[in-house]
Amino acid sequence: MMKNITSGFQVSETYNQLPPYFIKNEGQFDEEKIVYYSKSAGYSAYFTEEGARFVFVGREKGEALADKEPPEELIAFRVDFKFLNGDKAIDPVAMGELPGKVNYFRGSDPAKWRTDIPIFIEVVYIQVWPGINLFFHGREGKLKYDFLVQPGARVEDIQFTYEGAESLSIDQEGNLEIETPIGVMIDERPVSFQEKNGRQVQVGTKYKVTNTEDGNRTVSFQVGDDYNPNYLLIIDPGLLYSYYPGGTGSDRGNCISIATDHSGNVYLTRSTNSPTGTFPTVEAFQAEYGGGVNDAFVTRVSPSGSLDYLSYLGESGEDAGNTIVVDIFGNACATGITGSQTGSFPTVTPFQSSYGGGSTDAFVAKIGEDRTIIVNNDPGECGAIVDYENLLGVTCNPSSGSFFR
Numbered sequence: 496m497m498k499n500i501t502s503g504f505q506v507s508e509t510y511n512q513l514p515p516y517f518i519k520n521e522g523q524f525d526e527e528k529i530v531y532y533s534k535s536a537g538y539s540a541y542f543t544e545e546g547a548r549f550v551f552v553g554r555e556k557g558e559a560l561a562d563k564e565p566p567e568e569l570i571a572f573r574v575d576f577k578f579l580n581g582d583k584a585i586d587p588v589a590m591g592e593l594p595g596k597v598n599y600f601r602g603s604d605p606a607k608w609r610t611d612i613p614i615f616i617e618v619v620y621i622q623v624w625p626g627i628n629l630f631f632h633g634r635e636g637k638l639k640y641d642f643l644v645q646p647g648a649r650v651e652d653i654q655f656t657y658e659g660a661e662s663l664s665i666d667q668e669g670n671l672e673i674e675t676p677i678g679v680m681i682d683e684r685p686v687s688f689q690e691k692n693g694r695q696v697q698v699g700t701k702y703k704v705t706n707t708e709d710g711n712r713t714v715s716f717q718v719g720d721d722y723n724p725n726y727l728l729i730i731d732p733g734l735l736y737s738y739y740p741g742g743t744g745s746d747r748g749n750c751i752s753i754a755t756d757h758s759g760n761v762y763l764t765r766s767t768n769s770p771t772g773t774f775p776t777v778e779a780f781q782a783e784y785g786g787g788v789n790d791a792f793v794t795r796v797s798p799s800g801s802l803d804y805l806s807y808l809g810e811s812g813e814d815a816g817n818t819i820v821v822d823i824f825g826n827a828c829a830t831g832i833t834g835s836q837t838g839s840f841p842t843v844t845p846f847q848s849s850y851g852g853g854s855t856d857a858f859v860a861k862i863g864e865d866r867t868i869i870v871n872n873d874p875g876e877c878g879a880i881v882d883y884e885n886l887l888g889v890t891c892n893p894s895s896g897s898f899f900r
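Residue numbering for the sequence shown follows this note's numbering, beginning at 496 and increasing consecutively.
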């Protein structure tokens with residue numbers, strides 16, 4: 496039985512299924528308008544008095560991976576969910592505080608770090624329109640929203656738009672399509688219901704998109720004859736939008752690998768292109784950015800949420816961590832890819848001492864409990880797992896026919 500030893504694959508899969516939560520802005524963002532925010536794979540959501548901002552990261556529509564150089568180059572696009580014909584300034588309120596806290600280590604100045612920040616289950620906009628509240632919360636790892644319409648309130652008062660979208664339209668299934676440069680976002684066809692005489696009764700509801708005189712498009716809801724305005728109505732548009740030590744560059748974490756040890760420490764690896772002085776290195780075995788497209792990073796976070804160590808790992812090429820596991824002695828093993836040539840990548844007691852050629856080689860790095868690199872090597876693309884006898888298993892997907900045997 497494997498006890499207190501967790502594969503990076505297993506933890507990452509579980510982590511990606513966690514529902515979004517909402518973090519209070521206590522100065523980690525300079526813009527005071529941001530009251531709460533949420534981060535997930537591929538997007539960030541920021542909640543202000545004017546509504547919600549969604550920032551998505553991806554490739555331009557129709558662009559193949561090979562069309563970009565470097566291939567990981569992405570674009571960010573912002574869409575604002577804005578209220579229309581309602582109260583233009585409503586501070587969102589968080590509800591359902593969770594037991595955990597968030598520590599925000601950004602940049603190299605500890606005075607600018609923020610710790611013990613509370614997190615919440617949902618964010619609510621109260622009385623956006625008379626008698627109508629808007630709830631944002633998570634379900635099945637995704638962000639969604641609901642409108643709660645009090646008895647006597649007018650459904651037709653609900654009007655909003657997605658500012659910044661290229662177009663808004665309704666497809667044949669009744670879903671709202673929001674066109675952006677990186678693809679189409681979908682608000683699923685709304686499901687609405689009322690509780691009458693102790694029974695939950697579904698109410699026919701559909702989107703309505705209207706062109707305004709100023710060229711904008713307004714979204715509203717149209718309810719069927721089965722709606723009774725004397726009862727509470729919940730409009731549920733379905734699922735909306737299907738990690739983070741940060742610097743000033745791109746610190747990729749949407750595919751981050753996570754592992755834990757028996758003491759409750761958390762280990763992470765991925766990549767960053769934040770330069771020296773902006774990335775929060777702590778007790779680092781490589782304190783400076785190696786350059787190139789990006790460096791890998793490896794970090795250990797204690798159960799209290801403090802950084803035990805956070806280090807660059809890489810040199811002049813493209814370097815990224817893919818998987819991390821931990822043995823029973825607290826040694827972390829990180830695997831990943833490197834494009835750094837022989838003599839630049841920091842190899843230690845390697846079983847392959849020179850770069851194998853091609854676009855990238857794999858590396859396997861073992862970091863001791865005392866934060867020193869024990870072994871580092873460049874063999875194709877690798878993953879790792881530790882078994883119950885503390886044996887390390889590494890699997891690689893070589894891209895070269897000359898991969899060593």
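A virtual CB, placed ideally from N, CA and C, is assigned to each residue, including glycine.
Close CB contacts of Ser662 within its chain, under the 6 angstroms cut and outside five residues either way in sequence, are with Glu674 (chain order). Excluding the 5 residues flanking it on each side, Gly581 has same chain C-beta neighbours closer than 6 angstroms at Val623 and Trp624, in chain order. For the 7 angstroms CB-CB criterion, Leu802 and Val820 do not form a contact. About 4 angstroms separates the beta carbons of Leu805 and Thr794, which is inside the 8 angstroms limit, making them a contact pair. Taking each of Glu526, Arg573, Ala540 and Asp822 in turn and checking the Cα distance to Gly678, the smallest one comes out for Arg573. In this model, Tyr620 and Phe630 are separated by some 6 angstroms (Cα to Cα).
Around the beta carbon of Pro798, a 10 Å sphere encloses fewer than 16 other beta carbons of the protein chains shown; the residue is thus reported as exposed. Secondary structure within the stretch 604 to 657: not one fully enclosed alpha helix (DSSP H) run of 4 or more consecutive residues is present. One Cα belongs to Tyr784, the other to Arg601, and the distance between them is close to 15 angstroms.
Note on Ile753: 16 or more other CB atoms within 10 angstroms of its CB, so buried under the neighbour-count rule. Between the alpha carbons of Glu521 and Trp608 lies a gap of roughly 10 angstroms. Per DSSP, reduced to three states, the secondary structure at Lys528 is coil, with no helix or strand assignment.
Judged by pairs of C-beta atoms under 8 angstroms, the stretch 718 to 725 touches the stretch 694 to 703, as three or more such pairs exist.
Here Asn789 carries a strand assignment [DSSP, helix/strand/coil].
For Gln695, the pairing in a beta bridge is given by DSSP as Glu690.
Spanning the alpha carbons of Tyr726 and Val686 requires a straight line of approximately 16 angstroms.
Looking from the CA of Leu638, the closest CA among Gly591, Gln645 and Glu617 belongs to Glu617. With fewer than 16 other beta carbons inside 10 angstroms of its own, Phe824 counts as exposed. For Ile677, there is no enclosing beta strand (DSSP E), as DSSP marks it with neither H nor E.
Taking 7 angstroms as the cut-off, the Cβ atoms of Gly546 and Phe524 do not count as close. The alpha-carbon of Gly595 is positioned some 7 angstroms away from that of Pro613. Secondary structure of Thr776 (DSSP, three-state): coil. Beta-bridge analysis with DSSP links Ser662 to Glu674. Bounds of the beta strand (DSSP E) holding Gln717 are Arg712 to Val718.
Under DSSP, the beta-bridge partners assigned to Leu728 are Val644 and Gln689.
Judged by DSSP secondary structure, Gly831 falls within the beta strand (DSSP E) whose first and last residues are Ala827 to Thr833. Under the three-state reduction of DSSP output, Gly595 falls in the strand class.
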